[in-house]
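To keep things clear, I will list the structure first and then write my remarks on it.
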Amino acid sequence: MSAQIAETQEIKVAKKPAEALLSKRRRKLLVDPLNDDNPITIQVLGICSALAVTSQMLPTTTMAIAVIVVVVMSNLIISLMRNIIPSRIRIIVQLAIVASLVILVDQVLKAYAYDISRQLSVFVGLIITNCIIMGRLEAFAMGNKPYDSILDGLGSGFGYAWIILTVAFFRELLGSGAVYGMKVFEAIGLDFPNNGLMVTPVGAFLILGIIIWVQRTKTGYVEK
Amino acid sequence: MRQSNAYVIGFAAILTVIIGGLLAAAAVGLREPQQKAVKLDTRTKILSAVMEIKEGDDVNQIWEERISSLVVDIDGDVVERLDDGTAVIAESIDVGKEFKKSPQERLFPVFEFKGDNGEIQNYIIPVYGNGLWDRIWGFVALEKDLVTIKGVRFDHKGETPGLGARITDGEVQDRYIGKKIYNNVGDLVSVQMMKAETGDASIYDEYHVDGMSGSTMTANGVNDMLMRYFRYYSNYFKTIDSADQDEIRKAEQVDEVIEDQQPMKENVQTEEVQ
Numbered sequence: 001m002s003a004q005i006a007e008t009q010e011i012k013v014a015k016k017p018a019e020a021l022l023s024k025r026r027r028k029l030l031v032d033p034l035n036d037d038n039p040i041t042i043q044v045l046g047i048c049s050a051l052a053v054t055s056q057m058l059p060t061t062t063m064a065i066a067v068i069v070v071v072v073m074s075n076l077i078i079s080l081m082r083n084i085i086p087s088r089i090r091i092i093v094q095l096a097i098v099a100s101l102v103i104l105v106d107q108v109l110k111a112y113a114y115d116i117s118r119q120l121s122v123f124v125g126l127i128i129t130n131c132i133i134m135g136r137l138e139a140f141a142m143g144n145k146p147y148d149s150i151l152d153g154l155g156s157g158f159g160y161a162w163i164i165l166t167v168a169f170f171r172e173l174l175g176s177g178a179v180y181g182m183k184v185f186e187a188i189g190l191d192f193p194n195n196g197l198m199v200t201p202v203g204a205f206l207i208l209g210i211i212i213w214v215q216r217t218k219t220g221y222v223e224k
Numbered sequence: 001m002r003q004s005n006a007y008v009i010g011f012a013a014i015l016t017v018i019i020g021g022l023l024a025a026a027a028v029g030l031r032e033p034q035q036k037a038v039k040l041d042t043r044t045k046i047l048s049a050v051m052e053i054k055e056g057d058d059v060n061q062i063w064e065e066r067i068s069s070l071v072v073d074i075d076g077d078v079v080e081r082l083d084d085g086t087a088v089i090a091e092s093i094d095v096g097k098e099f100k101k102s103p104q105e106r107l108f109p110v111f112e113f114k115g116d117n118g119e120i121q122n123y124i125i126p127v128y129g130n131g132l133w134d135r136i137w138g139f140v141a142l143e144k145d146l147v148t149i150k151g152v153r154f155d156h157k158g159e160t161p162g163l164g165a166r167i168t169d170g171e172v173q174d175r176y177i178g179k180k181i182y183n184n185v186g187d188l189v190s191v192q193m194m195k196a197e198t199g200d201a202s203i204y205d206e207y208h209v210d211g212m213s214g215s216t217m218t219a220n221g222v223n224d225m226l227m228r229y230f231r232y233y234s235n236y237f238k239t240i241d242s243a244d245q246d247e248i249r250k251a252e253q254v255d256e257v258i259e260d261q262q263p264m265k266e267n268v269q270t271e272e273v274q
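Chains Y and B are the protein sequences, given in the same order.
Numbering follows full-length UniProt numbering, in which position 162 of the first sequence is assigned residue number 162; successive positions increment by one, without gaps.
Numbering follows full-length UniProt numbering, in which position 230 of the second sequence is assigned residue number 230; successive positions increment by one, without gaps.
Structure follows, in structure tokens:
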């Protein structure tokens, strides 16, 4: 996946003094990753966890929150440290920061959301290797101010979150006939057979493919 | 200046110390809630073998009111203290660790579930064994006759999702309800999960349950696990007054049993699966 990190590097933004809190440029930082530059569907990063954890809504929501927290916090920390990080070991420093944040998230989940942390199992730990995070650090936080980096992190985090939540919604609905564990089809009195395919990662591939298809039809994005 | 080797090494060292300290502090600070979470999870699993646990139920309170526990050895004698004098607490026994010892040295926890009138209604025992890919474990709740199964809860580490992992499904676990582990002549027969899945529970007798299609190896592991643990606990079962002694010890109605057993004999796997 490292080849794709290069793609993210085009988003280098020039520094300007005294800007509005949500100027047009900053809004772009926040909104772009939601659609036009979505980390999953356009940059094709973070696919692994998008396939693995999305069979139910609840763990997916937790995963989304965890990724948002980690990407925002690591963007902020790296951005604050960007002028003192020796460039020769910058990747290692980024990795150390991300890994520490992920371990913190994992520990907190184990303490306060034990069930969900068991369902997510290794995938919380694997946030470390989620290319979205390292990609944002290297491409954005290393060269931008803290506040901009937070916005960028929020943008990327939510860009990741809405995609995996959409995938999880359809997988849980079609695979288990439920949303957040609530049996919707039973509730409205419909006898809907569960689709076993949707419970497996194959279902995630299909739904992700459909999302990308719809999105690219609308935005007209073509891979060069 | 900033790029000198000394700066790089110094930076790395300071970063390591700060991050290491932070993580250590977090680990220590969160240890207590984590242990609480694990304990609550175990209690929920044990209780859910005998009763429906709903979201929002105060599991700890139910536990305090309903559960009393003890520890026995392979001979059925109650163990209160270890050789070095430390008290034995059933809840803190790691069944997985005990599993590595020889059965003679193992400690076996028993959880007694009391009904509304304070009398013991069910006995819950932990079970542990090998599935197809990795370890499987669970809790089996027996009625006070110690013959009939009240409910089971299985869990696993790495069984195939959609196949062997179905042992955690309520639908599969419910198949065990009302089954018997001793036959009428007092032999321990355990409950065998069959090969292949018919979806028709009515064709099985009291000692067999419907299989899971495509997961015979996991089912074998479950069968083996149940058989072993019922055997380990059988000496203890004999010491309990409410136990159905007729079924556990004495031989009666021999012919009926042989009829029951015959047609399924060929599929039953009782040999040790390692």
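Glycine included, every Cβ here is placed at the ideal spot set by N, Cα and C.
query	result
Helix, strand or coil at Ile9/B [DSSP, three-state]	helix
Tyr207/B versus Ser190/B - alpha carbon distance	7 angstroms
For Gln121/B, the three-state DSSP class (helix, strand or coil)	strand
Min CB distance Leu190/Y to chain B below 8 angstroms	no
Three-state secondary structure assigned by DSSP to Phe111/B	strand
Residues in the region 102 to 121 of chain Y having any Cβ partner in chain B nearer than 9 angstroms	Ile103, Leu104, Gln107, Val108, Lys110, Ala111, Tyr112, Ala113, Tyr114, Asp115, Ser117, Arg118
The region 33 to 49 of chain Y in contact with the region 99 to 108 of chain Y per 3-pair CB rule at 8 angstroms	no
Own chain, CB closer than 6 angstroms to Gly159/Y, minus 5 neighbours either side, in chain order	Pro33, Leu34, Asn38, Pro39
DSSP beta-bridge partners of Leu188/B	Tyr182/B
Straight-line gap, Ile47/Y to Leu174/Y (C-alpha atoms, nearest Å)	21 angstroms
Neighbouring residues, chain B, relative to Val93/Y (Cβ below 7 angstroms)	Leu15
Interface flag, Ser79/Y vs chain B, CB-CB below 8 angstroms	no
Neighbourhood of Leu30/Y by C-beta, 7 angstroms cutoff - its chain only, sequence neighbours within 5 removed	Leu151, Leu154, Gly155
8 angstroms Cβ cut-off: residues of chain Y touching Ile19/B	Ala96, Ile97, Ser100
Reduced DSSP secondary structure (H/G/I, E/B, other) of Tyr207/B	coil
Neighbour-count burial assignment, Ala201/B, 16 or more Cβ in a 10 Å radius	exposed
As assigned by DSSP and simplified to three states, the class of Trp137/B	strand
Backbone CA spacing between Phe139/B and Leu197/Y [nearest angstrom]	30 angstroms
Top-ranked residue by Cα proximity to Ile84/Y, from Phe11/B, Asp174/B, Tyr204/B	Phe11/B
Alpha carbon of Asp255/B to alpha carbon of Asn220/B, nearest angstrom	Residue placement at Asp255/B is flagged as unreliable, the pLDDT there being 39, under the threshold of 50; a coordinate-derived value is accordingly withheld.
Residues bridged to Leu101/Y (per DSSP)	Beta-bridge pairing links Leu101/Y to no other residue.
Distance between Lys183/Y and Ile210/Y (C-alpha atoms, nearest Å)	24 angstroms
Alpha helix (DSSP H) segments (min. 4 residues) lying fully within the region 124 to 184 of chain Y	131 to 139, 146 to 176
Cα-Cα separation, Ala196/B to Arg166/B	14 angstroms
C-beta contact flag for Val50/B and Asn122/B at 8 angstroms	yes
CB of Met57/Y within 8 angstroms of CB of Phe123/Y, strictly	no
Within 8 angstroms, strictly: CB atoms of Tyr229/B and Val71/B	no
Candidates Thr217/Y, Ile68/Y, Thr61/Y, Arg88/Y, of which the one nearest Ile9/B by Cα	Arg88/Y
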